Amino acid sequence: MEKYNYGMIGLGVMGRNLLYNIADNGFSIAGFDLDKQKITELEEGATAGTTVAGTDSLEEFVAKLETPRKIILMVPAGKPVDAVLENIKSLLTKSDIVIDAGNSYFKDTNRRVADLATLGLHFMGMGVSGGEKGARFGPSIMPGGDLEAFHSVRPMLEAIAAKVNGESCTAYMGKDAAGHYVKMVHNGIEYAIMQLISEAYDLLHRGANLSKDQLYEVFKEWNNGELNSFLIEITRDIFQQKDEISGGFLLDQILDKAGSKGTGKWTSEEALENGVAIPTIDAAVASRTLSSYKEERVLASKLYPKSEITAPENIELFVQEVGDALFLATLISYTQGLSLLVKASEDYQFQIPLQDVVKIWRGGCIIRSSLLETFYEAYTEDPNLSNILLNEKISELVKSKVTSLRKTIGFATSNGISTLGLQTVLAYFDAYTTENLPVNLIQAQRDYFGAHTYQRKDQEGVFHTQWESTNQ
Ligand code: 6PG
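For the sequence shown, the positions run -10 to 461 when this note's numbering is used.
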């Protein structure tokens, strides 16, 4: 029997599309799913001339694969991954490779790596970004874990990934669960940028009364300039989408409650855990939570009515300032996410190559943007850059936009338009670039009430003072 090069477990949209992408690139691949319907659809939908087979028997699936087997899992994160591993473990043989391509929590991945290693099996965590279309025609792929296993799947990954300037958007992200960690942070940045774009939309729409057609034009122009990115591009198109039911614009009929699957929250939790400040990602997570209080927000809007918005006098200038503010805020969102990767790489000894991270995010993934090219240049110059803001070329870019960010936030606050994301960006920037923060006072307070001690500017060591109370 002819053996297949690869196996795919989970034939939902993402799994099926990734499988077709692999097959189209000349690799034979077998798919497994318990759902017979999905297997029929799989074989019917394959490109003519490719070698694709489906089965609902795990034994048959395993027997179809050449050894060492290379099996990709595309099943929902959490219990389903453990359930598949439990079922398949005993059917596999030493040196087989299992790759989890879902959005798994990195600590689960570390546990699974260790667990499968006891059987001589290689387990890899691999982030895949780009949604359904990306999976089918070229995602950004973030593999991590066993280096030997990575090398044996590398040619396939390079073939199926998106390409930028002829280079594949995939690279080794580091040891253990590094691949899933990088994907988690990718999603945290995704949350932040989406939040910032929604605030820009609110400012232009509610603040400056721009119509959907005008919004479309603004985003089109932005996408043709330095804001060029996948998220700006799809936002541009969203403004044009008509609704079949109401006949108006679909966006106007969509309820203002945003869901989440948890990767943004994990990023925030991780940053807290590792002592990294990523306030814009935190704000984006909090903003989705706030959006869920719909009923309370309706009540509160009656209790605290807002005065009418004073539209900006010069709309053209305002649009340009909002665009500049969004650009800078996007840049600082990446900055925060990347600084978490720097710290996590040290703390967990992942050895994440930052230069490769920004390189493979340039294409295929949800946060792809022209800005990543600038970051790539910065990391090429200094692969150990701890914070993007410290690069000189980037500092020039930042300085040229910061006044627009201040003015945009000024407009928002004076008109009662919530800009959680933009405000955290500015506050982060102002704190990060301040030599003397007022935290000396916090140290004094801590020492006053709890003898927590403090350090001095003029002497080495740790000090405690018997603070004098003037309270009679
Ligand atoms: C991607 C996306 C993808 C998914 C997110 C959505 O990179 O292709 O990030 O992974 O769309 O999980 O996350 P939320 O449901 O939490 O918004």
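Yeah, the Cβ is synthetic: ideal placement off N, Cα and C, and Gly gets one too.
Being a predicted model, the structure only gives us computed values, none of them experimental.
Closest to residue i by C-alpha separation, out of the options, would be which residue?
{"i": "N10", "options": "Q432, S187, P128", "result": "P128"}
{"i": "I349", "options": "S281, S334, A151, T39", "result": "A151"}
{"i": "T299", "options": "N198, F126, K96", "result": "N198"}
{"i": "L0", "options": "A273, G120, D24", "result": "D24"}
{"i": "A42", "options": "L360, G(-4), P65, T319", "result": "G(-4)"}
{"i": "K96", "options": "K209, K68, Y170", "result": "Y170"}
{"i": "E49", "options": "N92, Q26, D22", "result": "D22"}
{"i": "Y365", "options": "A189, P294, N404, L320", "result": "L320"}
{"i": "S458", "options": "Q448, K446, Y437", "result": "Y437"}
{"i": "T454", "options": "D447, G439, N460", "result": "G439"}
{"i": "E137", "options": "P57, N376, F208", "result": "P57"}
{"i": "I377", "options": "V142, T324, G177, A318", "result": "T324"}
{"i": "E121", "options": "N217, N6, D45, L110", "result": "N6"}
{"i": "A367", "options": "L327, S187, F400, G405", "result": "L327"}
{"i": "M63", "options": "F452, Q344, A37, L8", "result": "L8"}
{"i": "T269", "options": "R195, Q344, Y180", "result": "Y180"}
{"i": "H194", "options": "L240, N176, K332", "result": "L240"}
{"i": "S403", "options": "E424, G196, I221, R286", "result": "G196"}
{"i": "E262", "options": "S290, D232, K231, Y337", "result": "Y337"}
{"i": "A189", "options": "G91, S393, V347, E424", "result": "S393"}
{"i": "N154", "options": "L374, Y417, R351, K388", "result": "R351"}
Under three-state DSSP, which class holds residue i?
{"i": "G163", "result": "coil"}
{"i": "I501", "result": "Any question about residue 501 goes unanswered here, given that the chain covers just -10 to 461."}
{"i": "I431", "result": "helix"}
{"i": "K83", "result": "coil"}
{"i": "Y(-7)", "result": "strand"}
{"i": "Y293", "result": "coil"}
{"i": "E33", "result": "helix"}
{"i": "A273", "result": "helix"}
{"i": "M3", "result": "helix"}
{"i": "V116", "result": "The sequence as given places Gly at residue 116; Val does not occur at that position. Of the three classes helix, strand and coil, the one that applies to G116 here is strand, per DSSP."}
{"i": "M145", "result": "helix"}
{"i": "A12", "result": "helix"}
{"i": "A197", "result": "coil"}
{"i": "G237", "result": "coil"}
{"i": "A42", "result": "strand"}
{"i": "G133", "result": "strand"}
{"i": "F339", "result": "coil"}
What does the Cβ neighbour count give for residue i, buried or exposed, with the cut at 16 atoms within 10 Å?
{"i": "Y282", "result": "exposed"}
{"i": "S407", "result": "exposed"}
{"i": "V308", "result": "buried"}
{"i": "N429", "result": "exposed"}
{"i": "Y293", "result": "exposed"}
{"i": "W211", "result": "buried"}
{"i": "S276", "result": "buried"}
{"i": "L306", "result": "exposed"}
{"i": "A124", "result": "buried"}
{"i": "L110", "result": "buried"}
{"i": "V287", "result": "exposed"}
{"i": "H175", "result": "buried"}
{"i": "C400", "result": "Correcting the residue identity first, residue 400 is Phe in this sequence and not Cys. F400 is buried by the Cβ-count criterion."}
{"i": "V2", "result": "exposed"}
{"i": "S118", "result": "buried"}
{"i": "E259", "result": "buried"}
{"i": "G34", "result": "exposed"}
{"i": "N92", "result": "buried"}
Closer than 8 Å by C-beta to residue i: which residues in its own chain qualify, once you throw out the five before and the five after it? Chain order, please.
{"i": "G450", "result": "Q444"}
{"i": "F219", "result": "C354, I355, I356, R357, S358"}
{"i": "I77", "result": "I(-2), L47, V51, I60, V87"}
{"i": "Q340", "result": "G163, K164, A167, S334"}
{"i": "T363", "result": "K382, I383, L386"}
{"i": "Q434", "result": "none"}
{"i": "K254", "result": "V274"}
{"i": "L244", "result": "K283"}
{"i": "K246", "result": "S280, S281, K283"}
Only counting the same chain, and skipping five residues up and downstream in sequence, which positions put a Cβ closer than 6 Å to that of residue i?
{"i": "G133", "result": "G114, M162, G163, A167, G168"}
{"i": "L80", "result": "V51"}
{"i": "F228", "result": "K201, L204, Y205"}
{"i": "F139", "result": "P132, Y161"}
{"i": "Q242", "result": "D232, S235"}
{"i": "D313", "result": "K390, S393"}
Spatial neighbours of residue i within its chain, please: CB distance less than 7 Å, with the 5 preceding and 5 following residues excluded, ordered by chain position.
{"i": "S17", "result": "Y(-7), N(-6), T40"}
{"i": "I398", "result": "T408, L411, Q412, L415"}
{"i": "S157", "result": "E147, A150"}
{"i": "Y94", "result": "A66, W255"}
{"i": "D464", "result": "Residue 464 falls outside the range modelled here, since the chain spans only -10 to 461, and no answer is possible."}
{"i": "D13", "result": "T36, T39"}
{"i": "D191", "result": "I406"}
{"i": "S187", "result": "none"}
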